[in-house]
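Protein sequences, first through last, are from chains F and H. When you line the first sequence up against my numbering, it's residues 607 to 684, in that order. When you line the second sequence up against my numbering, it's residues 458 to 856, in that order. Where a beta carbon is used, it is the ideal one built from N, C-alpha and C, also for glycine. Taking it in order: structure first as structure tokens, then the write-up.
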Amino acid sequence: MNTTRTIKIATAFISMIAIMVATVSCVHVKEYQKGKLNDSEMVLGNRKVEKTELSFQSYREGASGANAGKSGGGCGCN
Amino acid sequence: MKKLSLAVIALYVGLLSAFSQKTTTDSSVYKSRKLTFEEANIVSSYYQQDGNNSAVTGGIGTEKLTDISNAFQVKLRKYDRQNRKHTFDVEVGVDHYTSASSDKINPSTISSASAADTRFYPSVNWTMENEQKGSSIGAGLSTSTEYDYQSFGGSINFSKKILKKSGEFSARLQTFLDNVTLIQPIELRTNTRRDEDDDYATSPRNTYSVALSYAQVINQQMQVEFLVDAIYQKGYLGLPFHRIYFTNNAEKVENLPNSRFKLPIGVRLNYFAGDRLIVRAYYRYYQDDWGLMAHTLNIETPVKITPFFSISPFYRFYKQRAVNYFAPYKMHKITEQYFTSNYDLSSFNSNFYGAGFRLAPPTNVFGIQHLASMEMRYGHYAKNIGMQSDIVSLQLGFK
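Written as structure tokens, this is what we have:
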């Protein structure tokens, strides 16, 4: 695997996301209309109860990161 | 009598006046500048796994492991003279694990030092938020200590709300400066004190990462988030007690390149469908310069039974292609430069599924004072190469 290929794939992916963001029509939502968005189940990101799950997944799998969790540190020795 | 009544009324009014709250001139904007308790959380988990591809014994042998983890978090806040909110987040985590494979590092002992270990990992984070401008900055420090591994971490972060606060850009720079204690399998130790579990050399392992994310409100029911991390690791990236058995029956310890560049890219979408069902979806593409490529798809569908009680079934699919340096037991050639038989770096698919429930009533949970929320989750994880695990977690939130 070479770094150039990784960068090419990443560039293609980021471009795709940029196009998606540009084309999605966003409606301006006023604060009083954010009842559902502010629901505790709608929080973007991991829940606190998932803490250990994310930890064992990062040790038992080769991939990590891009989930607002840890991307380094710790041994994973076992 | 009339005089007495008037005196009693005057006394009553006087008392009312004395104990009544004083009118503040501008109570709507006043925020306490004292350090105030915001919330506390306890997360406890029990994890167990089993399999037959332990890296300690060269890709064969038991992977049996149990882990009990507990994390305690306290959040405090205060406002400064410019009405900026300062949040202080202090967390202490303690894990205790037992590992059957680690016992094979030195099988001559009844139980080698690493067969059961405790990891202690405190951290402290500070965030300063300007609610009017919709921006925040922060910094954090962390450390993690276990018998054969020491880690120090530092981070700085920044976020800014844009597009009339419907979008938010965040950036985080993070580093971990770690040290691996070089404990080799007993038969490969060259020092004279082969049976002593101390006085080992250490080797550094440093991680530097940049994490960027952008969250956008799409409409009243939907929001998305895009995440990109760039992670660079340098130093001793293998583990010194992972054995390798070659085709010619020779034995060495795992050897991996001393640098690794990882590039995970993720997207999250949360959708409130109707009044009760929420769809939480996540996809991640990952690639690194060791040849590992992975796809992760996660979907969770919390159903609100009442506004304060929800049940959340979830499913996660993960697929990875092996690193270039992986080969099973006795499949590596002695001429290879890098080699590992760690099945966590092999090609496999995994499924993780389970369910949880969450209670967050407006008063408190089960009438227990200050217990504001409770969440419990169980999950079963299975790789298509035989490894399986179960995890149960409990989170209690106090306010």
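At a cut-off of 8 Å between beta carbons, residue 643 of chain F contacts chain H. Within chain H, no C-beta atom comes nearer than 8 Å to that of residue 660 of chain F; the closest sits roughly 11 Å away. Residue 792 of chain H carries a coil assignment under DSSP once its states are collapsed to helix, strand and coil. Burial state of residue 735 of chain H is buried, judged by a 10 Å Cβ sphere holding 16 or more other Cβ atoms. Within chain F, the residues whose beta carbon sits less than 8 Å from that of residue 802 of chain H are 668, listed in sequence order. Under the three-pair Cβ rule at 8 Å, the region 675-692 of chain H counts as touching the region 718-727 of chain H. Within the region 484-564 of chain H, not a single complete alpha helix (DSSP H) segment reaches 4 residues in length. Under the three-state reduction of DSSP, residue 852 of chain H is assigned to strand. Residue pairing by DSSP places residue 718 of chain H opposite H:689 in a beta bridge.
For residue 668 of chain F, the number of other beta carbons within 10 angstroms of its own is at least 16, and it is reported as buried. In the DSSP assignment, residue 635 of chain H is bridged to H:608 and H:662.
DSSP places residue 700 of chain H inside the beta strand (DSSP E), whose first and last residues are 700-702. Residue H:814 holds the alpha-carbon nearest to the alpha-carbon of residue 851 of chain H among H:544, H:784 and H:814. With respect to chain F, the C-beta atom of residue 721 of chain H has a partner C-beta closer than 8 Å. With 16 or more neighbouring CB atoms inside 10 Å of its own CB, residue 603 of chain H falls in the buried class.
Excluding residues up to 5 positions away in sequence, 541, 543 and 594 lie with their Cβ nearer than 6 Å to the Cβ of residue 585 of chain H in the same chain. Under the 8 Å criterion on CB atoms, residue 780 of chain H is classed as interfacial with respect to chain F. Non-local beta-carbon contacts of residue 712 of chain H in its own chain, meaning distances under 7 Å to residues more than five positions away in sequence, involve 695, 795 and 796 in chain order. Shown here for residue 626 of chain H: same chain residues with a beta carbon closer than 7 Å to its own, the five before and five after excluded, namely 616, 617, 619 and 671 in chain order.
For residue 805 of chain H, the uninterrupted beta strand (DSSP E) run begins and ends at 805-816, by DSSP. With the criterion set as a beta carbon lying under 9 Å from some beta carbon of chain F, the members of the region 662-677 of chain H are 662, 663, 664, 665, 666, 668, 670, 671, 672, 673, 674, 675, 676 and 677, in sequence order. Inter-segment contact for the region 524-533 of chain H and the region 544-552 of chain H is present: three or more beta-carbon pairs are separated by less than 8 Å. Going by DSSP, residue 660 of chain F is part of the alpha helix (DSSP H) stretching over 657-666.
For residue 584 of chain H, not one C-beta of chain F is nearer than 8 Å to its own C-beta. Annotation: the continuous beta strand (DSSP E) that includes residue 583 of chain H extends over 573-587. Identification of chain F residues near residue 777 of chain H by a Cβ-Cβ cut-off of 7 Å yields 667, 668 and 669, ordered along the chain. In summary, residue 661 of chain H is exposed, with fewer than 16 beta-carbon neighbours lying within 10 Å of its beta-carbon over all protein chains present. When 9 Å is used as the limit between beta carbons, residue 710 of chain H is near no residue of chain F, the shortest such separation being about 13 Å. Residue range 828-840 is occupied by the beta strand (DSSP E) that includes residue 830 of chain H. Leaving aside the five residues that flank residue 490 of chain H on each side, the residues in its chain whose CB is nearer than 8 Å to its CB run, in chain order, 535, 536, 537 and 538. Among the bridge pairs identified by DSSP, residue 751 of chain H is matched with H:743 and H:777.
Collapsing the DSSP output to three states places residue 671 of chain H in a strand. Taking a beta-carbon distance threshold of 8 Å, residue 715 of chain H does not count as an interface residue toward chain F.
Scanning chain F for C-beta atoms nearer than 7 Å to the C-beta of residue 749 of chain H yields 668 and 669, reported in chain order.
Around residue 856 of chain H, the same chain offers 496, 827 and 829 as residues with beta carbons nearer than 7 Å, after the five sequence neighbours per side are excluded.
The beta-bridge partner set that DSSP reports for residue 614 of chain H consists of H:595 and H:629.
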